[in-house]
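Residue numbers (the numbering used here): 35 to 585. Think of the CB as a built atom: it goes at the ideal place given N, C-alpha and C, for glycine as much as any other residue. All of these numbers come straight from a predicted model, not from anything done at the bench. Reviewing the structure listed below.
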């Protein structure tokens, strides 16, 4: 365990929790100022950054680098495609899909800026509302995960560097990644992971409380939400301590099967023909409109819509990137860059679109064709509409069973997000060790819950949104540096692999991570030989079929 990383990360998080406990109003005011400043001054930066990330991923898919393997040339994927997609979907989406799949389209159909005149609050505007939802949950966000996950997997499993964010900076910083600059990169990743996961946990706790209230009459008092956060954080901590295979992989596959069951019921019981057509139509409209919608910057940021929705989402995706990126890196060893990029970018996006179209489409149908009262429910309490939609099916006892399954799914996604985030944070702090000490997993598992509770106490949903925005901003800069480092290493590897000319080899022996003349990371004479556990760029332990780390 690196003492600098361990101490600095603990101090930052403990200071935040203490400030939130002692002066929640002040923390809330600071968050409000930060959110306003970012929305007024940096919306263009978030929009442009995400667009560049997508372009970079598409370039890699069609480039000659696509055939390079994330691991040794002899490595092959260690998970079946079903297990792989289950873990990608569970880590990359999780609670967010269940929380927003019903509520978000109903928000957008009321006042999204892309609505044509006269189509608000009507079925005519439903398609536009779903396209905006697709924008926020589609290719843009998954491209962020591809970049971080690919860089981590490449430098760790192919180049033998630690499974940490700093490893991707080696082609640029060299041995300095083991000093201050490397610590800064990893601490920003820790910061982003903790606050990104805490945002999700805060949203999830509200929906769990709504489900318990719907099924069992549990009160909607604030203290119930805090108790839920801490109880489920304890369960998630136990899962994280149990190890990758026994805990997280099992929960991920359970999540996937429950998700399949839930969405099947919605398709069969709901307006089936409308829902299937709604999905296909909106995928086509998304393909047509994604570029202009993705590059649109609100000329009047004071309206608040883009800051509340698009900019929040882009910050949230970036804040989650260290968590999900490391997770998918750990489960993707042996896949080629092209296979990895297509698999992570396209398949989860299509699954997400189908989920959103079915759940959101059902809510829109109930609202405008059956007077279901969903919009009123969304405006009153954003966590409740999912259970109202299920109740509107009129299935009696079977409807209660379906609501209970949805509640269990929310809880398991809650646990999966929390325990995966805990493993990622402790892996970063321990300089890439894939089995961090149990004591650190306990501290950070409970710490994420404490941060979520403090955010809720300091301003509720607005504070959760601001936390993601603030956490994503500095890490977006790290992502650009990671892209630079990855391209430098890929170009160097391809140059080394090029056949020699008539006069013999035209390139000197190269550094295995950077392509520059010199020793490998393990033989680098400047590499600090006295670093604590994990500080040396050791060959990571081979991921076994039961391993998983962070959808």
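Separation of residue 352 and residue 85 (C-alpha to C-alpha, rounded to the nearest whole angstrom) is 13 Å. Going by C-alpha positions, residue 372 is about 29 Å away from residue 164. In the three-state DSSP reduction, residue 110 falls in the coil class, being neither helix nor strand. The alpha-carbon of residue 168 is positioned some 20 Å away from that of residue 237.
Per the C-alpha coordinates, the member of 366, 262, 222 positioned closest to residue 113 is 366. In the DSSP assignment, residue 374 falls within the alpha helix (DSSP H) that extends over 371-379.
Residue burial is scored here from C-beta neighbours: residue 101 has fewer than 16 other C-beta atoms within 10 angstroms and is therefore classed as exposed.
Classified as buried, residue 450 has 16 or more neighbouring CB atoms from the shown chains inside 10 Å of its CB.
Segment contact: the stretch 311-326 against the stretch 53-72, fewer than three CB-CB distances shorter than 8 Å; contact not assigned. In the DSSP annotation of this structure, the continuous segment of the alpha helix (DSSP H) that includes residue 39 starts and ends at 37-56.
The criterion of a C-beta distance shorter than 9 Å is not satisfied by residue 324 and residue 180. Pairing residue 528 with residue 275 gives a Cβ-Cβ distance that is not under 9 Å.
By the CB criterion at 9 Å, residue 54 and residue 492 fall inside the cutoff. Rounded to the nearest angstrom, the gap between the Cα atoms of residue 459 and residue 429 is 43 Å. Look at residue 528 here: in three-state DSSP terms it is helix.
Every unbroken stretch of the alpha helix (DSSP H) spanning 4 or more residues and falling wholly within the stretch 397-453 is given here in chain order: 408-414, 419-426.
For the pair residue 245 and residue 393, the CB atoms are not nearer than the 9 Å cut-off. Residue 337 sits exposed, since fewer than 16 C-beta atoms from the chains shown fall within 10 Å of its C-beta. The beta carbons of residue 395 and residue 308 sit closer together than 9 Å. Using a Cβ distance threshold of 9 Å, residue 199 and residue 239 do not count as a contacting pair. The stretch 402-416 makes contact with the stretch 133-141: 3 or more CB pairs, one atom from each, lie closer than 8 Å. DSSP links residue 103 through a beta bridge to 370. The Cβ atoms of residue 423 and residue 61 do not sit closer than 9 Å to each other. Taking every protein chain shown into account, the CB of residue 453 has 16 or more other CB atoms within 10 angstroms, so this residue is buried. Spanning the alpha carbons of residue 445 and residue 270 requires a straight line of approximately 10 Å. DSSP places residue 304 outside both helix and strand once states are collapsed to three, so it counts as coil. Using a C-beta cut-off of 8 Å, the stretch 103-113 makes no contact with the stretch 348-362, since fewer than three inter-stretch Cβ pairs fall below that distance. Taking C-beta atoms as the reference points, residue 233 and residue 440 fail to come closer than 9 Å. When DSSP states are grouped into helix, strand and coil, residue 466 belongs to the coil group. When DSSP states are grouped into helix, strand and coil, residue 234 belongs to the helix group. Here residue 110 is exposed. Its C-beta has fewer than 16 other C-beta atoms within 10 Å. No Cβ-Cβ contact shorter than 9 Å links residue 448 with residue 436. Using a 10 angstroms sphere on the CB of residue 344, the tally of other CB atoms reaches 16 or more, which defines it as buried.
DSSP, reduced to helix, strand and coil, places residue 76 outside both helices and strands of the structure shown, so it counts as coil. Distances from the CA of residue 389 to each of 108, 301, 456 were compared; the closest alpha carbon is that of 301. In this structure the stretch 513-522 lies against the stretch 201-213, because at least three pairs of beta carbons, one per stretch, are closer than 8 Å.
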